[in-house]
Structures are given as C-alpha cells and as structure tokens.
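Structure first, commentary second.
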Amino acid sequence: AYEIVTYSLFETVITCLEAEVSVCVPQKNRELLKEFADLGRVLLGLHEDETEWTQLAHVYRVGVTNAADRGLDMWTNFGPAVQVKHLTLDQSLAKTIVNQVESDCMVIVCRDADAQVLEMVTQQISWGSRVRAVVKESQLVQWYEQCLRGKFANQLADRLLQELSASLHREFPQVSELANFFQERGYNISL
C-alpha cells in the first residue's frame with residue numbers, strides 16, 4: 036500500500052498543477068525526422084506535418100505492489116522514474132536499487148531511516164546525477180497534511196482521497212467484493 040499512497044499523492048498534485056509536457060523537433064532536424072518518419076511516429080508521436088505536441092503531465096504505476104520487488108514502481112511522462120522502497124536498506128541493496136533501473140533521472144521514496152544510506156551511496160559512486168531526489172516518508176506525511184488541511188485543501192483534498200480510494204480498489208478488488216458480501220448479509224461493517 037506504500038506505493039499506492041505515494042502514487043496517489045504524486046498524481047494528485049501533478050494533475051492539479053496542470054503541468055504540461057511537450058515534445059518538439061527543431062526546424063534544423065526536420066529532414067532527419069522525415070528520413071526516420073516511422074520511428075519518429077512510433078517513439079515520439081511525431082511525423083513530417085506534426086513536429087510537436089503537448090500533453091498534461093502524469094505519473095503512472097508499473098504494476099501491482101510487490102514489497103520484494105526492487106525494480107521500477109512508477110514512471111512519468113516528464114522524466115523521472117520513481118522507486119518506492121519500504122525495505123531496510125544497506126549499501127549493497129541501495130546500489131542494487133539504483134542499478135536495476137535504467138534512467139538518467141530517478142526519484143527514490145524510502146523510510147526516513149534509509150534516506151541517509153541512499154544519499155551516501157549516490158554521492159559515493161557519483162550517482163548523484165541519476166538520482167534527482169530521495170523522498171523520505173516524513174515528507175510524504177507532510178505533503179499529505181498540506182493536501183488535506185493546507186492552503187489548497189479545497190482544490191486537493193477530495194481529489195487525493197478519490198485517487199487513493201480508486202487506487203486501493205484497483206490494487207485490492209476483493210475489498211469491494213467483501214463489502215458487498217457483508218452488505219448482502221446485513222452486516223454493518225465499514226470497509
């Protein structure tokens with residue numbers, strides 16, 4: 036559920052910001068785009084007559100939660116790969132985590148106690164350029180507090196709770212089935 040909590044927060048704030056992502060091929064490279072029109076269309080969504088596009092920024096989950104997984108947890112359409120780690124980290128595991136994801140821009144979310152290990156490892160082996168930030172659990176709590184009770188709570192709180200609820204139901208669909216089961220039998224249980 037740690038990934039779901041992180042994803043819901045990140046996606047809510049990013050979408051409420053209405054941040055935009057653009058892809059554009061400069062005029063000087065239009066002939067190159069023409070030469071590789073099929074590749075440009077497949078990878079960039081561009082072609083000879085449409086050499087740029089803009090879309091809203093989003094965060095995407097790769098799959099279901101797996102605490103033992105050390106691979107990629109989330110990706111964005113604006114750069115960073117996001118890894119959410121709720122494990123006790125040592126130097127060896129921290130190196131493995133950073134090495135397993137091929138990205139030049141990573142955000143790693145971890146427990147406060149593990150942040151120092153990650154920061155030390157990224158500086159030691161010059162991964163600092165690959166790791167944009169190490170986000171601590173306490174920062175997630177602070178950002179949740181801001182969303183739910185802060186200056187922009189009217190804009191963020193309901194959306195965050197809706198995203199969190201929808202994500203939990205996608206991840207754990209049996210919860211809805213269980214709630215229906217209890218309701219059918221007349222039990223008054225709030226799930």
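Here the working numbering is used: the first residue of the sequence shown is 36, the next is one more, and so on.
Virtual Cβ for every residue (Gly too), placed ideally from N, Cα, C.
Notebook entry, point to check: Buried or exposed: where does Ser43 fall if 16 or more other Cβ atoms within 10 Å of its Cβ makes it buried?
Noted result: buried
Notebook entry, point to check: Going by DSSP, what residues sit across from Gln118 in a beta bridge?
Noted result: Ile143
Notebook entry, point to check: Taking DSSP as the reference, what is the three-state secondary structure of Arg220?
Noted result: coil
Notebook entry, point to check: On the three-state DSSP scale, how would you describe Ala192?
Noted result: helix
Next item on the list: Would you kindly report the start and end of the unbroken alpha helix (DSSP H) that includes Lys171?
Entry: Premise fails: Lys171 lies in the beta strand (DSSP E), Val166 to Lys171, not in any alpha helix (DSSP H).
Next item on the list: Would you decide whether Phe45 is buried or exposed? Buried here means 16 or more other CB atoms lie within 10 Å of its CB.
Entry: buried
Next item on the list: Answer with buried or exposed for Ala116, where buried requires no fewer than 16 other C-beta atoms within 10 angstroms of its C-beta.
Entry: buried
Check: Identify the residues that DSSP records as bridge partners of Trp110: which are they?
Finding: Tyr95 and Ala116
Next item on the list: Quick one: residues in its chain with C-beta nearer than 8 Å to the C-beta of Gly80, no 5 flanking neighbours on either side, listed in chain order?
Entry: Val58 and Trp88
Check: If you draw a straight line from the C-alpha of Val156 to the C-alpha of Glu70, how long is it?
Finding: 43 Å
Checklist line | Inter-stretch contact at 8 Å, needing at least 3 Cβ pairs: the region 176 to 192 / the region 200 to 210 | finding: no
Item checked: Backbone CA spacing between Met109 and Ser138 [nearest angstrom] -> 12 Å
Note to self: Mapping the DSSP letters down to three states, classify Leu57 as helix, strand or coil.
What the structure shows: The question names Leu, but residue 57 in the sequence shown is Ser. Looking at Ser57 - three-state DSSP - the assignment turns out to be strand.
Check: Looking only at DSSP bridge pairs, what is Thr89 linked to?
Finding: Ser57
Checklist line | Counterpart residues of His82 in DSSP-defined beta bridges | finding: Glu85
Note to self: Quick check: Leu68 and Glu83, are their CB atoms within less than 8 Å of each other?
What the structure shows: yes
Note to self: Short of 7 Å in beta carbon distance, which residues of its chain neighbour Ala72, apart from the five on each side in sequence? Order them along the chain.
What the structure shows: His82 and Glu83
Notebook entry, point to check: Are Thr144 and Thr41 closer than 8 Å when you measure CB to CB?
Noted result: Checking the sequence, you will find Val at residue 144 rather than Thr. Contact flag set, yes.
Margin query: For Ser43, report the span of its alpha helix (DSSP H) as first-last.
Written below: Tyr37 to Leu52
Margin query: Rounded to the nearest angstrom, what separates Asn215 and Tyr222 at their Cα positions?
Written below: 10 Å
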